[in-house]
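Below is one structure, written out as structure tokens; the observations come after it.
Number of protein chains: 4
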Amino acid sequence: MTTTETDETSEAAEAAEAGLSAPAPHSPQGPHGYSSHKDAHLKRLRRIEGQIRGLQRMVEEDVYCIDVLTQVSASTKGLQSFALQLLEEHLRHCVAAAAAEGGPEIDDKVAEATAAIARLLRT
Amino acid sequence: MTTTETDETSEAAEAAEAGLSAPAPHSPQGPHGYSSHKDAHLKRLRRIEGQIRGLQRMVEEDVYCIDVLTQVSASTKGLQSFALQLLEEHLRHCVAAAAAEGGPEIDDKVAEATAAIARLLRT
Amino acid sequence: MTTTETDETSEAAEAAEAGLSAPAPHSPQGPHGYSSHKDAHLKRLRRIEGQIRGLQRMVEEDVYCIDVLTQVSASTKGLQSFALQLLEEHLRHCVAAAAAEGGPEIDDKVAEATAAIARLLRT
Amino acid sequence: MTTTETDETSEAAEAAEAGLSAPAPHSPQGPHGYSSHKDAHLKRLRRIEGQIRGLQRMVEEDVYCIDVLTQVSASTKGLQSFALQLLEEHLRHCVAAAAAEGGPEIDDKVAEATAAIARLLRT
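Chains as they are written, first to last, in this note's numbering: chain W, 1 to 123; chain E, 1001 to 1123; chain Y, 2001 to 2123; chain P, 3001 to 3123.
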């Protein structure tokens, strides 16, 4: 293993990456539920991007296949954690808002969310 | 959807990316099975890296959650295709070589490969 | 392949199984969203149960490993379709009801649903 | 939760189920790698069958959706563990035998195994 990016939950990596982060964008609250966690999402995605670059280095350096696969699993897990966080915010804001409003829109919102979950499950 | 990177199998994206590729490294055949497909692997990983950057732009631009989730599914699918390709080469070269040699190493190799498959399945 | 249960979506299997079904239970509308689809759920679960019994026959008859694995994938897919259907009904009824009521319960409901989705994703 | 079958690894369930098991079939060593673990596989599949019947009872009794989903995750996990065990034996016996023999059959065997893994990953 030649990279230090495998451990997606490493506190050290997190701190290091936080130091490298661009200044927080002072965006106004956007239209979607996940906007309030934008910085956390971007930080997480930058870490996954680093893992993907780590994978490229591993392939270039002929790292043992099994170690490459371990890094792939870590990146996939990172993407799934991001997706679950996004989904939770979507259910809490968009879906709940449609339900609170009443009317037929809730059925569309639920069907749309379920289709997205099905896509996550089947990849 | 504000990016063009969602469609992991897009021929156009593939051609465009090929144009951007660094010159093929003239590495000698490395010790692992996947070395002979190194360029294809690097190209695939660069495309996934582009998808992860696309996700960051989507979050920054407050793209609708469900569209972000669709892009996550595409990236995860790309990572899984890469993992399956790597695994196939590993079985064909490393595991088969251990089997051809005879001796007890084959059991370790198979157990190691199965553990890697389990990690892929459980993420 | 010695069983006819592999194709989870086979119309013929569905018709055959419908013929074998116990009389529909005339249960009153239960407290949960999925109650109204109870018969469809039970039919689907009985088909999956048949697939699991088919797997036992395949193992007893030394059917080729890869064909057994194909049947496992079909059963897993059946279970996931059932889970997605249940989840959709849960979001539409339980989660939406909590949202319509207002109050803090919606957060618990969404967190609980997300945890269930995470468990499905990680198996 | 109205059933005791959720915990797929429960020692108690295992012991109970062992008591209910049919006498071990005295089958001769079959042609495939998994034959030597036939009894363990059948025991595991009978437990999964019990979980699927447990799911039917849960639906009939209007058990809370989230608890039903937890049982679905346990059953899916059981099926995946079975698949991984089978796959390991397949790699150790069938794939390794093709490799030891030499000749072109190994490529077909590896491609076939990889396709089976892909099917497991995508369900």
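Backbone N, C-alpha and C define an ideal beta-carbon position, used for all residues, glycine too.
- Residue contact check for residue 110/W against chain E: no CB pair falls below 8 Å.
- Taking the Cα positions, residue 2105/Y is about 50 Å away from residue 1040/E.
- Remark: C-beta atoms of residue 3098/P and residue 2069/Y do not approach each other more closely than 8 Å.
- Here residue 3061/P is exposed: its Cβ has fewer than 16 other Cβ atoms, across all protein chains shown, within 10 Å.
- Listed along chain Y, the residues sitting closer than 7 Å to residue 3073/P by beta-carbon distance are 2119, 2120, 2123.
- With the rule of 3 Cβ pairs closer than 8 Å, the region 1075 to 1088 of chain E does not count as touching the region 3082 to 3095 of chain P.
- With respect to chain W, the C-beta atom of residue 1106/E has no partner C-beta closer than 8 Å.
- Contact check for residue 59/W against residue 1043/E fails: the beta carbons are separated by 8 Å or more.
- Straight-line spacing of the CA atoms in residue 2079/Y and residue 3051/P works out to 11 Å.
- Between residue 2084/Y and residue 118/W a beta carbon distance of about 5 Å is seen, short of the 8 Å cut, so the two are scored as contacting.
- A direct Cα-Cα distance of roughly 17 Å separates residue 3122/P from residue 1071/E.
- Interface criterion not met: the Cβ of residue 3049/P is under 8 Å from no Cβ in chain E.
- It is roughly 27 Å from the alpha-carbon of residue 2047/Y to the alpha-carbon of residue 2094/Y.
- Sixteen is the threshold: when 16 or more other Cβ atoms of the shown chains lie within 10 Å of the Cβ of residue 2113/Y, as they do, the residue is buried.
- Following the DSSP letters along the chain, one finds residue 1114/E inside the alpha helix (DSSP H) bounded by residues 1105 to 1121.
- In the DSSP annotation of this structure, the continuous segment of the alpha helix (DSSP H) that includes residue 65/W starts and ends at 65 to 90.
- Judged by beta-carbon spacing, residue 56/W lies beyond the 8 Å limit of residue 1055/E, meaning their Cβ atoms are not closer than that value.
- Going by C-alpha positions, residue 96/W is about 22 Å away from residue 2036/Y.
- The Cβ of residue 3092/P sits closer than 8 Å to at least one Cβ of chain E.
- Judged by their CB atoms, residue 1053/E and residue 49/W are nearer to each other than the 8 Å cut-off.
- Annotation for residue 1082/E: 1041, 1044, 1045, 1048 place their beta carbon closer than 8 Å to its own, counting only its chain and skipping 5 residues before and after.
- Shown here for residue 109/W: same chain residues with a beta carbon closer than 7 Å to its own, the five before and five after excluded, namely 94, 95, 98 in chain order.
- Cα atoms of residue 3067/P and residue 1067/E: separation of roughly 30 Å, rounded to the nearest angstrom.
- Residue 2062/Y carries a coil assignment under DSSP once its states are collapsed to helix, strand and coil.
- When 8 Å is used as the limit between beta carbons, residue 84/W is near these residues of chain Y: 2114, 2117, 2118, 2121, in chain order.
- Assigned with DSSP and collapsed to three states, residue 3054/P falls in helix.
- Here the C-alpha atom of residue 2103/Y lies approximately 21 Å from the C-alpha atom of residue 107/W.
- Listed along the chain, the chain E residues whose CB falls inside 8 Å of the CB of residue 3087/P are 1114, 1117.
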